[in-house]
Each structure stands twice: as structure tokens, then as C-alpha cells.
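Engineer:
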Amino acid sequence: MTTEPVLRIPATSPTDTGLDVVTGAFSYSGKAISNALLQSGRRVRTLTGHPERATGNSPIEIRPLDFDDPIGLVKSLEGATTLFNTYWVRFAHNRIDHELAVENSRALFQAAKRAGVERIVHVSITHPSVDSPLPYFRGKALVERSLAETGVSYAVLRPAILFGGDGVLLNNIAWLLRRLPVFAVGGRGDYRIRGIHIDDLARLCLAKGAERFDSITDAVGPERPTFLELVHSIKATVGSHSLIVRLPGSALPVVSRIVGLALHDVLLTSDEYRAMADGLADTDGPATGSIALTDWLVEHKSTLGLAYANELKRHFD
62 MTTEPVLRIP
72 ATSPTDTGLD
82 VVTGAFSYSG
92 KAISNALLQS
102 GRRVRTLTGH
112 PERATGNSPI
122 EIRPLDFDDP
132 IGLVKSLEGA
142 TTLFNTYWVR
152 FAHNRIDHEL
162 AVENSRALFQ
172 AAKRAGVERI
182 VHVSITHPSV
192 DSPLPYFRGK
202 ALVERSLAET
212 GVSYAVLRPA
222 ILFGGDGVLL
232 NNIAWLLRRL
242 PVFAVGGRGD
252 YRIRGIHIDD
262 LARLCLAKGA
272 ERFDSITDAV
282 GPERPTFLEL
292 VHSIKATVGS
302 HSLIVRLPGS
312 ALPVVSRIVG
322 LALHDVLLTS
332 DEYRAMADGL
342 ADTDGPATGS
352 IALTDWLVEH
362 KSTLGLAYAN
372 ELKRHFD
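Put into C-alpha cells, the structure is as follows:
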């Protein structure tokens, strides 16, 4: 979906040689956005909790993403034209949950406003709702509301799932299909998945950063297979002999939890399965990305799923 535009003070085009800030420039979506900005000639500063991930010759300026230091946040955002925000948490872990993520996001937006940032491009999720029983989707809606309340010019992008690069979801499905004799799908598996390639998302972020009005756009690719179709496609792509079976929806998170314990990771939460089964990873709108998922699978069949991508190690170690 795309909202009607609301005119704002013009923001500087990302093609100018100015400064932009990206949260998490060494993480998944933040890395893609940062690379696209650098290639366009922009200077990039990141707010990150993982400065050790920077390479020795990284052109990215590094500042801490420290929500307990609001003055420091403002200083770290000063001089930036646009803030590209990818900060969020996939699931609650230790003391970090979705409620805290909402508070942190609100603090970040207010710091951007005080620092004089002209525009904020925020990565959200398809179908957020303040009335959602799912903390992830309710939290995302509250963050979008907080962004609109700042009065700073903004664009919200709503992807369902991301693929490409060093993404987790499709890689780990392939990894399991390569190694397990049986792969379980919850329910009938007829719920659709509208993925977008990470590079398409990055290009869309830059385009929205250059616009002059507030907007909300679904960030989705050209294909929307059912989850069962997606699993069969990955199976065929990697040459798996795994038997695909269907489990009751209530049983799938339990199985995922058991496998996750063996891998010291979180594969799929009950909320994530419920969101997919309820159609929250799909939209009916036009594609805003051009890279086809099926083409990407074929291009990466020799490497997809060779190594497991551990979500807990990526975000909490």
C-alpha cells in the first residue's frame, strides 16, 4: 500500500555528497542500504551495537547505538540529512523485548529531530496494527505512529520477508532441507510469502530518501508463492531428498523449538508462524522490487544452505 503524499520541506537527494546515518550498517538490511548510499556518493555514518564488525578499511564512520545516552544520540545524528532506520528486534531475548524496542525507536526519532535531521526512512513490516495480538506487529505500528508524531519528513517501507545477501530465512530452510530427512510445514502451507530482494529494498530506501513528502509503501517483490510452493522450490533448487510433511499449525512451533535448541538458535516462534498463517507476509499491491525470488534461487543453488546462519549469534552475541 502507498498512502497519499503529504508535502514537506524538500530533503537533499541521496546523490549529493552529503552525510546520511544508517542504524546497523554492519547488519543485514543496514549493510545493503549503506553500500547503496556509498555507491551513490554519499558519506555514511552508522549507529551500531557491533562496531567490531567493521572492516579495517571501512569508509563508514562509526558511532554507538546507545539508547541510554540521549545526548550522545543527538550528537551522533548531527550533520546528517537522512536517517535510514533498520533498528528492531525479531523476538524477545533476555531483557530486550518489543516494548523496549518501541521505546528505543521513539528515543531515536526524537534525537533525530533535535539533531536537525531532515528526513527519516524507516523499515517496518507489512500489516502493522496497534490492535494486533502479536507484539511484533503491534510494536511496529506503534513505532510508525511515533515517527509520524515527530513532525520530521518521513517514508515508511513495509517488507514482508527479505532474501538475498547473507539472509537467514531462505538460507536456513535450504540448510535444513540439505541435511534432514523430513521437513515440516505448518497447516496446509497455502499462506503466501511476498519477499523482496535486499538490494531492491536498498534501492527503494534511497529513492524514498530523495522524495519530499511523507509516504508508506509496501516493499514487495514480483512473486508471492505459497509457503509450501516456496519450500518445494528450495528443495528442487538444492537437490534435496527430504520428505516434506504437513503438521498441525500448533505443533510446528514446538518442533521448531526442539530443533532450535539443538542448534542453539530460534528457528520460528509461534507468533511468526501465526503471522504467516494469517496472511501477514503477503500483500495484493503492485511490486516495488524487480528481482524474482525463483530466479535468485537458481542463481544461488550451489551455495544456498551450505552454512547455517545463527540468528542469536548475529544479534545478541
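Quick note: the numbering used here has the sequence shown finishing at residue 378, numbered continuously throughout. Glycine is no exception: its CB is placed at the ideal position from the N, C-alpha and C atoms. All of these numbers come straight from a predicted model, not from anything done at the bench.
Go ahead and label Thr364 buried or exposed: buried means 16 or more other beta carbons lie within 10 angstroms of its beta carbon, across all protein chains shown.
Structural biologist: With fewer than 16 other Cβ atoms within 10 Å, it is exposed.
Engineer: Measure how close the beta-carbons of Tyr148 and Ser166 come, nearest whole angstrom, since I'm counting them as under 8 Å.
Structural biologist: 6 Å
Engineer: Excluding five sequence neighbours on each side, which residues of the same chain lie with their C-beta closer than 6 Å to the C-beta of Glu122?
Structural biologist: Arg106
Engineer: Is the CB-CB distance between Leu169 and Leu134 below 8 Å?
Structural biologist: Contact flag set, yes.
Engineer: When DSSP labels each residue in this structure, what does Phe224 get in the three-state scheme?
Structural biologist: strand
Engineer: From Arg249, Val204 and Ile181, pick the residue whose C-alpha is nearest to that of Val191; which is it?
Structural biologist: Val204
Engineer: What separation, rounded to the nearest whole angstrom, lies between the Cα atoms of Leu374 and Gly102?
Structural biologist: Per the sequence shown, residue 374 should be read as Lys rather than Leu. Computed Cα separation, rounded: 32 Å.
Engineer: Taking C-alpha atoms, which residue in Thr187, Tyr197 and Pro120 lies nearest to Ala153?
Structural biologist: Tyr197
Engineer: Between the Cα of Pro125 and those of Lys92, His111 and Asn118, spot the shortest distance and give me the residue it belongs to.
Structural biologist: His111
Engineer: Going by other Cβ atoms of all chains shown within 10 Å of its Cβ, with 16 needed for buried, is Asn118 buried or exposed?
Structural biologist: With fewer than 16 other Cβ atoms within 10 Å, it is exposed.
Engineer: Just tell me which of Phe224, Lys174 and Asp227 has its CA closest to the CA of Leu208.
Structural biologist: Looking only at Phe224, Lys174 and Asp227, the smallest Cα-Cα distance to Leu208 is reached by Lys174.
Engineer: Between Ala172 and Pro131, what straight-line distance do the alpha-carbon atoms span, to the nearest angstrom?
Structural biologist: Each residue's Cα considered, the two are about 7 Å apart.
Engineer: Output needed for Val178: all residues of its chain with C-beta closer than 6 Å, excluding positions within five of it in sequence on either side, in chain order.
Structural biologist: Leu138, Ala141 and Leu144
Engineer: So, with DSSP's three-state summary, where would you put Tyr148?
Structural biologist: coil
Engineer: In this structure, does DSSP put Ile70 in helix, strand or coil?
Structural biologist: Confidence at Ile70 is low in this model, with a pLDDT of 35, below 50, so its placement is unreliable and the value that follows should be read with caution. Here Ile70 sits in coil by DSSP.
Engineer: Kindly indicate the opening and closing residues of the beta strand (DSSP E) around Ala245.
Structural biologist: Val243 to Gly247
Engineer: With the cut-off set at 8 Å, would you say Gly350 and Leu262 are in Cβ contact?
Structural biologist: yes
Engineer: Run through DSSP, which three-state label would Tyr215 get?
Structural biologist: strand
Engineer: Whose C-alpha, out of Ser276, Val292, Arg264 and Asp127, is nearest the C-alpha of Ile181?
Structural biologist: Ser276
Engineer: Quick check: the Cα distance between Ser90 and His325, rounded to an integer number of angstroms?
Structural biologist: 23 Å
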